[in-house]
Amino acid sequence: MVLLKHFIFAFLSSIGFAILFSIPKDSILKSGFVGAFGWVIFYITANFFNSNITGTFFAAVTAGILGELFARHYKKPATVFIVPGIIPLVPGAGMYYTMLALVEKDFFSAANKGTETFFIAAAISIGLIISTSLSKSIRRVKNKD
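Below, the structure is given as C-alpha cells:
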C-alpha cells in the first residue's frame, strides 16, 4: 500500500512538471510513469541499501533506461520522458535545508546536508550518463549487424 501511495504521488508530480515543461500531450502520462517508476525504485533501493545516494543512482538509471526505451518506441526525444521522470529525485529539500543551516550559522549541518545534496545530484547525473551511454552502445551494435 505504501508503494502505491508513493507511485501515485510521484506520478502526479512528474505529470505536473511535464505540463509545466510543455511536453506533448500524448507523452504526459508516459513521462509520469517514468517518474513514478523511478521513484518506486528509489524507495525500494534506498531502504534496502540504507542510502539515499545509492537509491537515487539506481532510480536515475531506471528513469534513463525507461526514457530511452519510450523515446525509441514512441519516436520522441528521450528528454521528453527523462526530464519529468527525474523530477521526483531532485534534492530540492536538501538544498533548502543547506541554505537554512547557513542562514542559522550552523555550518556543520550545512556542510553535511550540502555534501549529501551534492552527491545525490551527482548520482542523478551519473545514472543518466550510464543509461544514455548504454542505450547508444546497444543502438550502435544493432546498426552494425
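Each step along the sequence shown adds one to the number in the UniProt record's numbering, with nothing skipped, and position 31 is 31. The beta carbon of each residue, even a glycine, is placed where N, CA and C say it ideally should be. In this text, all values refer to a predicted model and were calculated from it rather than measured experimentally.
Neighbourhood of residue i by C-beta, 6 Å cutoff - its chain only, sequence neighbours within 5 removed
| i | result |
| --- | --- |
| A59 | G38, I41, F42 and L89 |
| G114 | T98 |
First and last residue of the uninterrupted alpha helix (DSSP H) at residue i
| i | result |
| --- | --- |
| E68 | N52 to Y74 |
| I28 | I28 to F49 |
| I82 | T79 to I86 |
Coarse secondary structure for residue i, derived from DSSP in three states
| i | result |
| --- | --- |
| K105 | coil |
| S22 | coil |
| V90 | coil |
| M1 | coil |
Supposed contact pair residue j and residue i - C-beta distance, whole angstroms, cut 8 Å
| i | j | result |
| --- | --- | --- |
| G127 | V61 | 4 Å |
| T56 | I130 | Actually they do not touch by this definition, with Cβ atoms about 13 Å apart. |
| I23 | S31 | 6 Å |
| L3 | V34 | With a Cβ gap of about 16 Å, L3 and V34 do not count as contacting. |
Close-in-space but distant-in-sequence residues of the same chain around residue i (CB under 8 Å, 5 per side omitted)
| i | result |
| --- | --- |
| T132 | G64, E68 and A78 |
Contacts around residue i, its chain only, beta-carbon distance under 7 Å, and the 5 residues preceding and following it disregarded
| i | result |
| --- | --- |
| S109 | A101 |
| F21 | V83 and P84 |
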